[in-house]
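Peer 1:
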Amino acid sequence: MSELIALPTLIFPTFEARISSDDGTLRIFDPVRKQHVALTPEEWVRQHCLHWLVGKGFPIGRCSVEKVLDKNGLRFDLLWLDNNLRPFLLVECKGADVGITTDTLRQSAWYNITLKAPYVLLTNGRVAYCAHVDADGTVDMIDDVPAYPA
-3 MSELIALPTL IFPTFEARIS SDDGTLRIFD PVRKQHVALT PEEWVRQHCL
47 HWLVGKGFPI GRCSVEKVLD KNGLRFDLLW LDNNLRPFLL VECKGADVGI
97 TTDTLRQSAW YNITLKAPYV LLTNGRVAYC AHVDADGTVD MIDDVPAYPA
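Letter by letter, the sequence shown follows residues -3 to 146 of the working numbering.
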C-alpha cells in the first residue's frame, strides 16, 4: 500500500504533474531525467520550480537535475547552463516544511565554489530567494530570477 504524502500548494504556478504509483511508491515524471522519480516533498518543490523556470524561458535542454559534484557525493538540485555551457543558475530546493536558513545558503555557497554560477535560487516552494554572486564571492539579493541569457 502506498504511503500518502501531503502535496502542498506552492508559490510556483501549478502544472500538469504526471504522477504514478509503482510498487507502492508514488512517482512524478521528471522531464529532464525523462523518467518517473520518487515523489518526495523536495521533489514536489523541485518539479514545480523546474516547470516555472521553463515557463520563464529557461531551456529544458540546458538543465541538469541532481548531479553529483565531487567524490564526496555533493549533489545539486537544479543547474542551468547558459548558451556557452557555463553554469548560469544554481537552484537549491527543500521540502515545503523545511525552512530556508543560513545552513541552506551555506550549502548552496559550498556547491557554487565549484560551479561558479552567477545566480543562485533557494526555495522551499513557500518562499524563494535569489541572489547574484560576483566572481569575488560578493552576494547581492535580487527580486526575481534573471532572464535566461539570449
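Even for Gly, the Cβ is constructed at its ideal location relative to N, Cα and C. Just so we're clear, the structure is a prediction, and the values are computed from it rather than from any experiment.
Report all residues from its chain with a CB closer than 8 angstroms to the CB of Ser(-2); omit the five preceding and five following residues, and keep chain order.
Peer 2: Confidence in Ser(-2) is poor, its pLDDT being 45 and thus under 50, which makes the residue's placement unreliable; the coordinate value appears in the next sentence. Only Ser17, Gly20, Thr21, Leu22 meet the Cβ criterion.
Peer 1: So is Asn79 buried or exposed if we call it buried at 16+ other beta carbons inside 10 Å?
Peer 2: Label assigned to Asn79: exposed.
Peer 1: Do you know offhand how far Val61's Cα is from Asp132's?
Peer 2: Cα-Cα distance, rounded: 26 angstroms.
Peer 1: Return the Cβ separation of Trp48 and Phe8 in integer angstroms, given the expectation that the two are a contact with Cβ distance under 8 angstroms.
Peer 2: Confirmed, about 4 angstroms.
Peer 1: Keeping to the same chain, check which residues put their C-beta closer than 8 angstroms to that of Lys63; ignore five residues upstream and five downstream.
Peer 2: Taken in chain order, the residues that qualify are Arg71, Phe72, Leu75.
Peer 1: Using the beta-carbon count (16 or more within 10 Å), is Ala143 buried or exposed?
Peer 2: Label assigned to Ala143: exposed.
Peer 1: Beta-carbon within less than 7 angstroms of Val50's beta-carbon, same chain only, minus the 5 sequence neighbours each way: which residues are those?
Peer 2: Correct list, in chain order: Ile56.
Peer 1: Could you check where the alpha helix (DSSP H) with Ile164 kicks off and where it finishes?
Peer 2: Examination of residue 164 is not possible in this model, given that the chain is present from -3 through 146 alone.
Peer 1: Looking at Val141: is its Cβ nearer than 8 angstroms to the Cβ of Lys67?
Peer 2: Not closer than 8 angstroms, so no.
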